[in-house]
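In my numbering, the protein residues as written are 1 to 228. Where a beta carbon is used, it is the ideal one built from N, C-alpha and C, also for glycine.
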Ligand code: DC
């Protein structure tokens, strides 16, 4: 077996399915780069909010793009950082309001086209685990491994609620659930690169699995499919 092979792992799925946490820890285990593409869309959403732009308006959002410098870097901590026109926005893009901005701006073809090459470039140099909504279908259609990671909306809302609580920004269950359902609808119904399972993706449903079980299942899929 040739260990120099570049392995690209595409993980797609709805919001709150645990993609980021699982992908990050699987990448650390395998020594691969982890790329959270949602953070890139969040950075554009953040730019729209800062400028007071309606994120649903395709024309105003498209006009904003040439003024933006979006950079993805890795800190000394090994974690992915996002910068917007030179300013670190890693914390700001996690604010709950940014989720809806990101979902809205990500529906515009101009935004998706603007970010496509940036994402592909990140997967060219070394083995990666990249997570998002269209990685297996659009960004890396010939990825060696594709996983569609999901869980029921209720379970995802429950997990997100605990996470928000731990972060000190609690929200009611009903509120979290309806926000997840709204984003699911937006992400699967948009015309440009809607969220869907690639035909050759392995389905991993973590509704009844805890973190350790989900991680073991993900690593097993990657090892089997990539032969590593
Ligand atoms: O994964 P996330 O919740 O941080 O993503 C934020 C939004 O970005 C999400 O609502 C959909 C969008 N997104 C996308 O359209 N394509 C991707 N590859 C990643 C995220």
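Leaving aside the five residues that flank residue 47 on each side, the residues in its chain whose CB is nearer than 7 Å to its CB run, in chain order, 64, 68, 84. Residue 181 and residue 149 have their C-alpha atoms spaced approximately 16 Å apart. The residue among 132, 54, 146 with its C-alpha nearest the C-alpha of residue 188 is 132.
Under the rule that a run must span 3 or more residues, the beta strand (DSSP E) segments found entirely inside the region 32-83 read 33-36, 70-74.
Leaving aside the five residues that flank residue 114 on each side, the residues in its chain whose CB is nearer than 7 Å to its CB run, in chain order, 65. Per DSSP, the beta bridge partners of residue 87 are 84. Judged by the Cβ position, residue 41 qualifies as a neighbour of the ligand DC at the 7 Å threshold, a heavy atom of the ligand being closer than this. Taking non-hydrogen atoms of the ligand DC into account, the C-beta of residue 167 is found less than 7 Å away from none of them. An exposed status is given to residue 175, since fewer than 16 other beta-carbon atoms sit within 10 Å of its beta-carbon. Taking one beta carbon from each stretch, the region 140-155 and the region 195-214 have 3 or more pairs nearer than 8 Å; the two touch. By the beta-carbon neighbour count (other beta carbons within 10 angstroms, threshold 16), residue 36 is buried. Approximately 30 Å separates the beta-carbon atoms of residue 94 and residue 6; this is outside 8 Å, ruling out the contact. A distance below 7 Å between beta-carbons, with the five flanking residues on each side excluded, links residue 17 to the following residues of its chain, in chain order: 149, 150, 151, 156, 206. The three-state reading of DSSP puts residue 11 in strand, counting E and B together. The criterion of a C-beta distance shorter than 8 Å is not satisfied by residue 222 and residue 135. The nearest non-hydrogen atom of the ligand DC is less than 7 Å from the C-beta of residue 103.
Every alpha helix (DSSP H) of 4 residues or more that sits fully in the region 94-131 is shown, in chain order, as 96-105, 109-122. Within the region 156-221, the runs of alpha helix (DSSP H) at least 4 residues long that lie entirely inside it are, in chain order, 173-189. Residue environment for residue 162: exposed (fewer than 16 other C-beta atoms within 10 angstroms of its C-beta). Here the distance from the Cβ of residue 90 to the nearest heavy atom of the ligand DC is not below 7 Å. For residue 149, the secondary structure class from DSSP, reduced to helix, strand or coil, is strand.
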